[in-house]
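Number of protein chains: 2
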Amino acid sequence: MAVTIYDVAKKAGVGIGTVSRVINKSPQITDATKSRVLVAIKALNYQPHTVAQSLARRRTNTIGCIIPFFTGFFYLELLRGIQRTATSLQNDLILYSVDNKSNKEIFLSRVLKERRVDGVLLVSLEIDDDYAEQFSVQHFPIVLVDGDHAVLDSIKVDNIEGARQATNHLIGLGYPTIAMIDGQLKSVPARLRLAGYKQALAEHGRAFDESYFVACDFAEEADGFNKEAGYVAMQRLLDLGDRRPRSVFVSSDIQAIGAMRAIRERSLRIPEDVAVVGFDDIELAEHVGLTTVKQPTTRMGQVAVDRLIAKVTCKPGLDKEFKQKLTTELVIRESCGG
Amino acid sequence: MAVTIYDVAKKAGVGIGTVSRVINKSPQITDATKSRVLVAIKALNYQPHTVAQSLARRRTNTIGCIIPFFTGFFYLELLRGIQRTATSLQNDLILYSVDNKSNKEIFLSRVLKERRVDGVLLVSLEIDDDYAEQFSVQHFPIVLVDGDHAVLDSIKVDNIEGARQATNHLIGLGYPTIAMIDGQLKSVPARLRLAGYKQALAEHGRAFDESYFVACDFAEEADGFNKEAGYVAMQRLLDLGDRRPRSVFVSSDIQAIGAMRAIRERSLRIPEDVAVVGFDDIELAEHVGLTTVKQPTTRMGQVAVDRLIAKVTCKPGLDKEFKQKLTTELVIRESCGG
DNA sequence: TTGAAAGCGCTAACAG
DNA sequence: CTGTTAGCGCTTTCAA
Chain A
0 MAVTIYDVAK
10 KAGVGIGTVS
20 RVINKSPQIT
30 DATKSRVLVA
40 IKALNYQPHT
50 VAQSLARRRT
60 NTIGCIIPFF
70 TGFFYLELLR
80 GIQRTATSLQ
90 NDLILYSVDN
100 KSNKEIFLSR
110 VLKERRVDGV
120 LLVSLEIDDD
130 YAEQFSVQHF
140 PIVLVDGDHA
150 VLDSIKVDNI
160 EGARQATNHL
170 IGLGYPTIAM
180 IDGQLKSVPA
190 RLRLAGYKQA
200 LAEHGRAFDE
210 SYFVACDFAE
220 EADGFNKEAG
230 YVAMQRLLDL
240 GDRRPRSVFV
250 SSDIQAIGAM
260 RAIRERSLRI
270 PEDVAVVGFD
280 DIELAEHVGL
290 TTVKQPTTRM
300 GQVAVDRLIA
310 KVTCKPGLDK
320 EFKQKLTTEL
330 VIRESCGG
Chain B
0 MAVTIYDVAK
10 KAGVGIGTVS
20 RVINKSPQIT
30 DATKSRVLVA
40 IKALNYQPHT
50 VAQSLARRRT
60 NTIGCIIPFF
70 TGFFYLELLR
80 GIQRTATSLQ
90 NDLILYSVDN
100 KSNKEIFLSR
110 VLKERRVDGV
120 LLVSLEIDDD
130 YAEQFSVQHF
140 PIVLVDGDHA
150 VLDSIKVDNI
160 EGARQATNHL
170 IGLGYPTIAM
180 IDGQLKSVPA
190 RLRLAGYKQA
200 LAEHGRAFDE
210 SYFVACDFAE
220 EADGFNKEAG
230 YVAMQRLLDL
240 GDRRPRSVFV
250 SSDIQAIGAM
260 RAIRERSLRI
270 PEDVAVVGFD
280 DIELAEHVGL
290 TTVKQPTTRM
300 GQVAVDRLIA
310 KVTCKPGLDK
320 EFKQKLTTEL
330 VIRESCGG
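Sequence lines, in order, name chains A and B.
Numbering of the first sequence is given in numbering that gives the first Met the number 0, commencing with residue 0 and proceeding in unit increments.
Numbering of the second sequence is given in numbering that gives the first Met the number 0, commencing with residue 0 and proceeding in unit increments.
In structure tokens:
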């Protein structure tokens, strides 16, 4: 059996309470006894049993993260930020990954009742009002990452601003016509990005033209944010013939990749014939020279964990709701010319 | 305060032992009392406190995973396999991610002493003999994923066979000359892939030609498995002028991407002028039409977790060492012609 | 300052 | 079959 606090106490000739105190850096300990205990600890190669500590302290020093493993790079980056911050704040990270929506509910209720984690991050997933209510009422720390809910803390990227940046870039470059390819309009980011697009247009006195906007509502996967959807959408735009847009803002890089293929298949050049700007800055984007809007993914993970752990440890000033929006950054490559 | 086993016992009019038994599905319980307890549990919305269970059972039902977050897709895929299998086996997953090598040691010793997880997966990381010894002696379950050590269980991909597949593909296509670009020779996979390459050559009575082999020992990052290294290496091969190889096996897709750029920069075509085959099947590979050797990444995660949890639960027949090699699969796209 | 003792919530051995 | 009790290893009053 492993060495316990009793072994240490005996060896140091003190009570277990004393040992506990030095472990927990209690100030009220003589230097003398403290060092005796420290010596014993070292000699026995003792390390506290985390599970027992958790039980006694009612604190696990662990946070959970409910996250969909659908897509690629975005989640890896995010996870890295989350993991790194958690570790630096002495917390462990339990991963709950969601394949289908029903999983999510299971994890949500487990997390709430099992008390195995001190708080939870919910990533890119919507949360029902009654669950939100439960977390809120039970004061169980939760923060939504890349998502939002009225009564819960959340941190996300400013989609509207990102879309504005992209559109303004195209406007600034002087393109006479700027189309937009969006995801399914039922998805929140899709609507937000559309709003940003419209806003930028309006700010420059340009009219929003229905025929230059195509939402991938026909798509089935990933809310329309996929390669095929982008390909099909671009074809529609190209079918406009000589009325075809001179530039296009595509609401995700992966769709943009599809769109670029559609453009090339008609022997059109990028950006000479049609300029393209994407959104996300996935790995592929760099490779194909796609100008795009980069999300501060790692940072988002970091901020989220900071906030979550602050709540767990009851840092002051946490009652006000926390709704943070991180700003995006335009990464200029070749697909827009200029 | 949350509802405990005592509340349930009282409400059901039984002892806590009985409640515990129905929770743990002990067979020796009358259906009558069992249902009484079940009713109480439902009524109180009771759920066992995981931490308390862990302490009492000396079992956390949690596995740890020490994993480097360096590169992209491979680890995401692997993690997905690991996570999914762990969940299906009722285990939680704690992520310990490593940025630099020293982290690894810290996690290794923490895991060993904190007893917070029942077992651990060590991914793509080397382990010192003395640590290996400790795990072995303490019978602390560990399995190495994408790595190996004499005294520990391991699961990895058959690199030699994969390299053979790639090389044989080129041979089968009738290319007269087949070069190889490898990672740093100090890395294990690099050596293994070289061995497979040589083996395939030998089997077909072809001589290994030094001038057609370039290891990226000059590179600094990622053991030579990076884009720039591939680019530089390919240039050397191209500098051979009209003696330049007709085809090349590149030991990683990411290097292959670099190599392809070098080829195109000299206005050479792929595969008409030089055919290339990669290794890994990263996301980019599909996009650029790179024929490559696909690793069964998700499967590897699954097998590893299965094995680990079998060890944790002391399933029979686990004393013999477990050294599994998963086979690769050639994914044929356009970069080799044929 | 320090030791003793009472939990934390649950499992499991032991009676009955 | 079921209730009681003694831990699991640690934290935290409460006295001394």
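Just so it is clear, CB atoms sit at the ideal spot from N, CA and C, and this is done for glycine as well.
The beta-carbon of A:V50 is placed less than 8 Å from the nearest beta-carbon of chain B. With distances taken between CA atoms, B:E333 lies nearest to B:M259 out of B:E209, B:M259, B:T326, B:T297. If one requires a minimum length of 3 residues, the beta strand (DSSP E) runs lying completely within the stretch 187-265 of chain A are 212-214, 246-249, in chain order. Using a Cβ-Cβ cut-off of 8 Å, A:I93 counts as an interface residue toward chain B, since at least one Cβ of chain B sits closer than that to its own. For the pair A:Y5 and A:L43, the Cα-to-Cα distance works out to about 11 Å. Counted as a single uninterrupted DSSP element, the beta strand (DSSP E) harbouring A:E328 occupies residues 328-330. Residue ranges of uninterrupted alpha helix (DSSP H) with 4 or more members, entirely inside the stretch 65-127 of chain B and ordered along the chain, are 72-87, 100-113. Going by C-alpha positions, A:I141 is about 26 Å away from A:G161.
B:R265 is classed as exposed because its beta carbon has fewer than 16 other beta carbons within 10 Å across all chains shown. Rounded to the nearest whole angstrom, the CA to CA distance from B:I262 to B:V213 is 15 Å. Here the alpha carbon of A:F321 sits roughly 17 Å from the alpha carbon of A:E125. Going by DSSP, B:D152 is part of the beta strand (DSSP E) stretching over 152-156. One Cα belongs to A:E113, the other to B:I331, and the distance between them is close to 48 Å. The alpha-carbon of A:F73 is positioned some 27 Å away from that of B:L88. When C-beta atoms of the stretch 34-41 of chain A are compared with those of the stretch 77-95 of chain A, fewer than three pairs fall below 8 Å, so the two segments do not count as touching. Going by DSSP, A:L289 is part of no alpha helix (DSSP H) at all; its letter is neither H nor E.
The shortest CA-to-CA distance from B:M299 to any of B:K10, B:L191, B:Q323, B:F278 is the one to B:Q323.
Selection B:K185, B:D238, B:H48, B:G146 evaluated against B:D127 yields B:G146 as nearest (Cα-Cα).
The C-beta of A:E227 comes no closer than 8 Å to any C-beta of chain B.
A direct Cα-Cα distance of roughly 29 Å separates A:A274 from B:P270.
Distance check between A:T327 and each of A:V304, A:P295, A:C313 places A:P295 closest, using alpha-carbon atoms only. For B:V18 against B:V7, the beta-carbon gap comes to about 5 Å, under 8 Å, which counts as contact. Membership of A:G16 in the alpha helix (DSSP H) is indicated by the continuous run 15-22. Assignment of beta-bridge partners to A:F321 by DSSP yields no partner. Sequence-distant partners of A:G288 (beyond 5 residues in either direction) whose C-beta falls short of 8 Å from its own C-beta, in its chain, are R332, E333, S334.
B:I281 sits in coil when the DSSP states are folded into three classes, being neither helix nor strand.
With distances taken between CA atoms, B:S53 lies nearest to B:R115 out of B:R109, B:Q234, B:L94, B:R115.
Among the CB atoms of chain A, one or more fall inside 8 Å of the CB of B:A1. Residues of the same chain with a CB within less than 6 Å of the CB of A:G223, apart from the 5 flanking positions on each side, are G182, Q183, C215 in chain order.
By the CB criterion at 8 Å, B:I22 and B:P47 fall inside the cutoff. Assigned with DSSP and collapsed to three states, B:A8 falls in helix.
Beyond the five residues adjoining it in sequence on each side, B:S186 comes within less than 6 Å, by CB distance, of D222 in the same chain, given in chain order. Legend: CB atoms of the stretch 102-128 of chain B lying less than 7 Å from CB atoms of chain A belong to residues K112, E113, R114, R115. Along the stretch 293-325 of chain A, none of the residues has a CB nearer than 8 Å to a CB of chain B.
Looking at A:F106, A:T61, A:T166, A:E76, the one whose alpha-carbon comes closest to that of A:A85 is A:T61.
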